[in-house]
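A.B. asks:
Residue numbers (our numbering), protein chains in the order written: chain A, 390 to 607; chain U, 390 to 607.
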């Protein structure tokens, strides 16, 4: 998997040792997370909204109503930033200053393109369902022509992008290591609870394996 | 707890039934989440970055290096959007179209103010540590004057803000309810694993109760 070339806008200045342009790492983060935070500007005011998405090859797709202000702004070619963050843990140091968090994040800059070709649009919507739960799209009713018409699908290429990762224990100064206080990490992960069947579920329909043991981290 | 007055910029147009301006709800979401996604614009390009924060009364505080490009832009008065999202579950409908996610999110718009008064600055940094782990700040070394000087602290008032919440089961059409496919919710939560002590930890230091049984949701 190749590395992206950093642009002046994606070159990391703060803690560059945490940064990466490796597509394998970027893709792994994009494939694990469930939501991205999408930013756009209107009259100099930024707006940041959580969105579902899916990566397919060298792009991410997101979708929403044709009435969505965010999606309409992007459809008109507004520059966009899509940021994905996985929180992996709390880093408890012996000094307040060195407290931190372990995380993996990706920032993608660019201009989105509206997906209008029906085949690509259907494939993108399938990918968004599959991103949430592999195998799901085969079990459910696909979008009708009417549903397709009210859905806007956009594609953002993964070309100007970077990842940032912090992992591992706290980094205290030698002096601070003498402070008699517990220090270390608390790992964090997004985990699934027991599935709740819909109240209208007909009897005899089994819980699919992917639902019963839903796991986000591969 | 009072409700905020919606501004033209925070009035929800899409699915307004999911929206709220209730400060109690907004505060509960801000107090549970660990990170916010902060957006700012530079030459029409949005940038969105994950940040730690803490709510104190009617404002959220965030901090970082005085060399941070994001924080310096906000220090200069750039309009900001801080978005906090808690992912509560996957909503699996019988149609691809009605798949959804359960979530609680808050969007705060405004202009941040640099915190320069040493007392407020120290209190804000303490709040950020306490937000992650209540009681932690009493156990650790507080910021030195040097650390304080290299840290920029900003405050964003919770005045122009809104919450958005989706909860509950999938909403399928009557016709789709006949599709013989499992439907329901998979609850999701950020959960803590076993704490990992720092390798340099002196023997005999016990794991604090709040670390051993770390829980984010109250």
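Glycine included, each C-beta is placed from N, C-alpha and C at the ideal position.
Quantities reported herein were computed from a predicted structural model and do not represent experimental measurements.
How big is the Cα-Cα spacing for residue 410 of chain U and residue 594 of chain U?
C.D. replies: Residue mapping note: residue 410 of chain U aligns to position 21 of the second chain, counting from 1. Residue mapping note: residue 594 of chain U aligns to position 205 of the second chain, counting from 1. Looking at the two C-alpha atoms, the distance is approximately 45 Å.
A.B. asks: For residue 553 of chain A, which beta-bridge partners are listed by DSSP?
C.D. replies: Start at 1 with the first residue of the first chain, and residue 553 of chain A comes out as number 164. Per DSSP, A:408, A:494.
A.B. asks: Taking the alpha-carbon of residue 474 of chain A as reference, which of A:541, A:578, A:507, A:586 has the nearest alpha-carbon?
C.D. replies: Counting from 1 along the first chain, the entry for residue 474 of chain A is found at position 85. If we check each option's Cα against that of residue 474 of chain A, A:578 comes out closest.
A.B. asks: What are the residues of the region 435-461 of chain A that lie near chain U, defined by any Cβ-Cβ distance shorter than 7 Å?
C.D. replies: Cβ contacts with chain U come from 435, 436, 437, 438, 439, 441, 454, 456, 457, 458.
A.B. asks: In three-state DSSP terms, what is residue 530 of chain A?
C.D. replies: Taking the first residue of the first chain as position 1, residue 530 of chain A is located at position 141. The answer is strand: DSSP assigns residue 530 of chain A an E or B state.
A.B. asks: Mapping DSSP to helix, strand and coil, what is residue 523 of chain U?
C.D. replies: Stepping through the second chain from its first residue, residue 523 of chain U is reached at position 134. Coil at residue 523 of chain U, not helix or strand.
A.B. asks: Could you check whether residue 469 of chain A and residue 429 of chain A sit closer than 7 Å to each other, using their CB atoms as the reference points?
C.D. replies: In the first chain, residue 429 of chain A corresponds to position 40, counting from 1. In the first chain, residue 469 of chain A corresponds to position 80, counting from 1. Yes. Within cutoff.
A.B. asks: Would you kindly work out how many angstroms separate the C-alpha atoms of residue 422 of chain A and residue 571 of chain A, rounded to a whole number?
C.D. replies: Here residue 422 of chain A corresponds to residue number 33 of the first chain, with the count starting at 1. Here residue 571 of chain A corresponds to residue number 182 of the first chain, with the count starting at 1. Approximately 31 Å, taken between the alpha carbons.
A.B. asks: Just to confirm the assignment: which complete beta strand (DSSP E) runs, minimum length 3, are found wholly within the region 432-464 of chain U?
C.D. replies: As far as the region 432-464 of chain U is concerned, its whole beta strand (DSSP E) runs of at least 3 residues are 434-441, 443-445, 448-454.
A.B. asks: Mind reading off the beta-carbon distance from residue 559 of chain A to residue 528 of chain U? Whole number of angstroms is fine, and I expect it under 8 Å.
C.D. replies: As a working note, residue 559 of chain A is residue 170 in the first chain. As a working note, residue 528 of chain U is residue 139 in the second chain. Actually they do not touch by this definition, with Cβ atoms about 13 Å apart.
A.B. asks: Spatial neighbours of residue 520 of chain A within its chain, please: CB distance less than 6 Å, with the 5 preceding and 5 following residues excluded, ordered by chain position.
C.D. replies: To locate residue 520 of chain A, count along the first chain from 1; it is residue 131. Excluding sequence neighbours, residue 520 of chain A sits near 443.
A.B. asks: Distance check for residue 432 of chain A and residue 533 of chain U, CA to CA, integer angstroms please.
C.D. replies: Along the second chain, one-based indexing puts residue 533 of chain U at 144. Along the first chain, one-based indexing puts residue 432 of chain A at 43. In a straight line, the C-alpha of residue 533 of chain U is about 40 Å away from that of residue 432 of chain A.
A.B. asks: If distances are taken between C-alpha atoms only, which option among A:397, A:482, A:471, A:398 comes closest to residue 589 of chain U?
C.D. replies: Here residue 589 of chain U refers to the residue found at position 200 when the second chain is read from its first residue. Nearest C-alpha to residue 589 of chain U: A:482.
A.B. asks: Using CA atoms only, rank isn't needed, just tell me which of U:602, U:536, U:566 is closest to residue 574 of chain A.
C.D. replies: Here the question's residue 574 of chain A lines up with position 185 in the first chain. The option with the nearest alpha carbon to residue 574 of chain A is U:602.
A.B. asks: For residue 624 of chain U, which residues does DSSP report across the bridge?
C.D. replies: The first residue shown for chain U is 390 and the last is 607, placing residue 624 of chain U beyond what the model contains.
A.B. asks: One question on the structure: do residue 509 of chain U and residue 543 of chain U come within less than 7 Å of each other, judged by their Cβ atoms?
C.D. replies: Walking along the second chain from the start, residue 509 of chain U turns up at place 120. Walking along the second chain from the start, residue 543 of chain U turns up at place 154. No; because the gap between Cβ atoms is not below 7 Å, this pair is not in contact.
A.B. asks: Contact between the region 548-568 of chain U and the region 456-466 of chain U: three or more CB pairs below 8 Å?
C.D. replies: Touching, no.
A.B. asks: Tell me residue 486 of chain U's beta-bridge partners as DSSP assigns them.
C.D. replies: On the second chain, position 97 is the one that residue 486 of chain U refers to. Paired residue(s): none; residue 486 of chain U is not in a bridge.
A.B. asks: Could you pull the start and end residues of the beta strand (DSSP E) that residue 542 of chain U belongs to?
C.D. replies: Position 153 of the second chain, counted from the first residue, corresponds to residue 542 of chain U. 540-546 is the extent of the beta strand (DSSP E) around residue 542 of chain U.
A.B. asks: Could you run through the region 401-417 of chain A and flag, in chain order, every residue whose CB is less than 8 Å away from some CB of chain D?
C.D. replies: Of the protein chains in the structure, A and U, none is chain D.
A.B. asks: Taking all protein chains shown into account, decide if residue 535 of chain U is buried (16 or more other Cβ within 10 angstroms of its Cβ) or exposed.
C.D. replies: Along the second chain, one-based indexing puts residue 535 of chain U at 146. Classification for residue 535 of chain U: exposed.
A.B. asks: Spatial neighbours of residue 426 of chain A within its chain, please: CB distance less than 8 Å, with the 5 preceding and 5 following residues excluded, ordered by chain position.
C.D. replies: Here residue 426 of chain A is taken as the residue at index 37 of the first chain, counted from 1. Excluding residues within five positions, the ones whose Cβ falls inside 8 Å are 437, 438, 439, 440, 471, 472, 473, 474.
A.B. asks: Which term fits residue 564 of chain A, buried or exposed, when burial requires 16 or more other beta carbons within 10 angstroms of its beta carbon?
C.D. replies: As a working mapping, residue 564 of chain A is identified with position 175 in the first chain. When all chains shown are included, residue 564 of chain A counts as exposed.
A.B. asks: At which residues does the alpha helix (DSSP H) containing residue 599 of chain A begin and terminate?
C.D. replies: Your numbering for residue 599 of chain A matches position 210 in the first chain. Counting along the chain, the alpha helix (DSSP H) containing residue 599 of chain A begins and ends at 598-601.
A.B. asks: Does the distance from the CB of residue 446 of chain A to the CB of residue 522 of chain A come in under 7 Å?
C.D. replies: Within the first chain, numbered from 1, the residue matching residue 446 of chain A stands at position 57. Within the first chain, numbered from 1, the residue matching residue 522 of chain A stands at position 133. No, Cβ-Cβ distance for residue 446 of chain A and residue 522 of chain A is not below 7 Å.
A.B. asks: If you follow the beta strand (DSSP E) that residue 594 of chain A is part of, which residue opens it and which one closes it?
C.D. replies: Stepping through the first chain from its first residue, residue 594 of chain A is reached at position 205. From DSSP, residue 594 of chain A is part of no beta strand (DSSP E); its letter is neither H nor E.
A.B. asks: Kindly indicate which three-state DSSP category residue 421 of chain U falls into: helix, strand or coil?
C.D. replies: Taking the second chain and counting its residues from 1, one reaches residue 421 of chain U at position 32. Residue 421 of chain U: helix per DSSP, three-state reduction.
A.B. asks: Quick one: what's got a C-beta closer than 8 Å to residue 526 of chain U's C-beta in the same chain, skipping five residues either side?
C.D. replies: Here residue 526 of chain U corresponds to residue number 137 of the second chain, with the count starting at 1. Around residue 526 of chain U: 515, 518, 519.
A.B. asks: Pull up the distance between the alpha-carbon of residue 585 of chain U and that of residue 418 of chain U, whole angstroms please.
C.D. replies: In the second chain, the residue the question calls residue 585 of chain U occupies position 196. In the second chain, the residue the question calls residue 418 of chain U occupies position 29. If you take the alpha carbons of residue 585 of chain U and residue 418 of chain U, they lie about 28 Å apart.
A.B. asks: Do you know offhand how far residue 403 of chain U's Cα is from residue 492 of chain A's?
C.D. replies: Taking the first residue of the second chain as position 1, residue 403 of chain U is located at position 14. Taking the first residue of the first chain as position 1, residue 492 of chain A is located at position 103. The alpha-carbon atoms of residue 403 of chain U and residue 492 of chain A are separated by roughly 31 Å.
A.B. asks: State the Cα-Cα distance for the pair residue 479 of chain A and residue 580 of chain U, rounded to the nearest angstrom.
C.D. replies: For this step, residue 479 of chain A is matched to residue 90 along the first chain. For this step, residue 580 of chain U is matched to residue 191 along the second chain. Each residue's alpha carbon lies about 11 Å from the other.
A.B. asks: Hey, out of A:567, A:541, A:549, whose CA is closest to residue 457 of chain A's CA?
C.D. replies: Translated into the one-based positions of the first chain, residue 457 of chain A becomes position 68. Per the Cα distances, A:541.
A.B. asks: Measure how close the beta-carbons of residue 393 of chain A and residue 550 of chain A come, nearest whole angstrom, since I'm counting them as under 8 Å.
C.D. replies: For the purposes of this step, residue 393 of chain A is taken as the residue at position 4 of the first chain. For the purposes of this step, residue 550 of chain A is taken as the residue at position 161 of the first chain. The Cβ separation is near 6 Å, so the contact holds.
A.B. asks: Once the 5 residues before and after residue 405 of chain U are set aside, which same chain residues still bring their CB inside 7 Å of it?
C.D. replies: Your numbering for residue 405 of chain U matches position 16 in the second chain. Contacts found: none.
A.B. asks: Consult DSSP for residue 504 of chain A and reduce its assignment to one of helix, strand or coil.
C.D. replies: As a first step, residue 504 of chain A is located in the first chain; it is residue number 115 there, counting from the start. Coil, per DSSP.
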